[in-house]
Amino acid sequence: MESSKFSEMKNNSDIERFEKNNGQNNWNDEKKLIRALAKGDEEAYRYLYRTYAPKIGALVKSFLGSDDIDDVIQEVFLRVYKGVKKFRGDSKLATWIYKITMNVCNNLYKKLKHRSILTDFEQSTDDEEFPEYHSQVSSEDDIKKILSHEEVLQKLNEALAKLDPEDRAILYMKEVEGLTYAEIGKIIDKPEGTIKSRLHYVKRQLRKLLGEALGDEQEEP
């Protein structure tokens with residue numbers, strides 16, 4: 001399957017027609033899905049793309065920011081296509097795909113270390129996102145409230161950017177995707193206990209960074 005096949009999947013109406021006619025239950029059996037992928041079944045790849053592209057994109061964003069999502073998704077699915085025949089089923093298919101995603105992210109991050117991370121928090125401070133604030137400024141107190149609100153968003157973004165990219169990804173996988181410590185450990189090749197310790201450290205570090213940025217010296221025990 002060529003790389004263009006994957007890019008076509010984004011807006012390919014064949015995906016919707018296939019799912020409507022056959023139902024997503026057709027691929028609920030993971031072993032059956034893996035066998036179909038190993039044979040190069042395009043319908044199986046369409047289902048896989050439809051299911052995992054949004055999840056991969058969100059994980060990439062937590063690691064790298066907003067600019068490289070599409071490129072990483074394309075690279076991940078190309079690696080899945082090339083490697084699925086060797087996939088032995090030692091883990092869930094999702095765990096294997098996330099592991100590939102993290103490898104691609106790590107490789108790309110090494111090339112882009114100098115670039116700052118742009119998150120939704122930073123983007124959401126535009127006037128268009130908060131029109132009520134900018135249309136109801138009538139006093140010095142109102143201005144202070146606006147500045148305070150936008151400062152919190154800015155400081156949160158800065159705190160997240162100071163975290164190690166892999167730690168941001170761990171935080172995302174645990175708190176958003178709901179993966180277990182063991183699953184995350186398989187994805188980044190670390191023991192379960194290490195994942196627990198790192199996640200605890202990340203949360204404390206994030207609280208500390210936010211506290212310092214906002215002038216609060218107190219930290220939760």
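All letters in the sequence shown, in the order written, are residues 1 to 221 by full-length UniProt numbering.
Glycine included, each C-beta is placed from N, C-alpha and C at the ideal position.
From a predicted model like this one, the values you see are computed outputs, not experimental measurements.
Hey, could you find the ends of the alpha helix (DSSP H) residue i is sitting in?
i: Ser91; result: Careful: Ser91 lies outside any alpha helix (DSSP H) and carries neither H nor E.
i: Asp68; result: Run containing Asp68: none; DSSP gives neither H nor E here.
i: Glu183; result: Tyr181 to Ile188
Could you tell me whether the Cβ atoms of residue i and residue j are closer together than 8 Å?
i: Ala44; j: Ile73; result: no
i: Ile34; j: Met102; result: no
i: Leu206; j: Leu163; result: yes
i: Leu64; j: Tyr109; result: yes
i: Leu37; j: Val76; result: no
i: Val80; j: Ile97; result: yes
i: Val202; j: Leu160; result: no
i: residue 222; j: Tyr47; result: There is no way to answer for residue 222, as the model of the chain reaches only from 1 to 221.
Where does residue i sit, in a helix, a strand or coil, going by DSSP?
i: Asn28; result: coil
i: Leu171; result: helix
i: Thr51; result: helix
i: Val80; result: helix
i: Leu147; result: Bear in mind that the predicted position of Leu147 carries a pLDDT of just 47, short of 50, making it unreliable; the figure below should be weighed with that in mind. In the structure shown, Leu147 sits in a helix (DSSP, three-state: H, G or I).
i: Glu132; result: For Glu132, the predicted model reports a pLDDT of 41, less than 50, meaning its position is unreliable and no value from the coordinates is stated.
i: Glu158; result: helix
i: Pro165; result: helix
i: Val60; result: helix
Nearest to residue i by alpha carbon, out of the options?
i: Asn106; options: Ser62, Leu37 and Val80; result: Ser62
i: His200; options: Asp29, Pro191 and Asp167; result: Asp167
i: Thr95; options: Asp70, Leu59, Lys82 and Leu209; result: Leu59
i: Leu93; options: Val202, Leu108, Pro191 and Glu183; result: Glu183
i: Ser91; options: Lys208, Lys203, Thr51 and Lys186; result: Lys186
i: residue 222; options: Arg198, Glu177 and Ser197; result: This structure leaves residue 222 out entirely; the chain is present only between 1 and 221.
i: Lys208; options: Glu151, Lys155, Lys39 and Glu42; result: Lys155
i: Gly89; options: Lys174, Glu151 and Glu30; result: Glu30
i: Tyr181; options: Glu158, Ile195 and Ile100; result: Ile195
Quick one: does residue i have its CB under 8 Å from some CB of chain D?
i: Leu112; result: Here chain D cannot be found, since the structure has a single protein chain.
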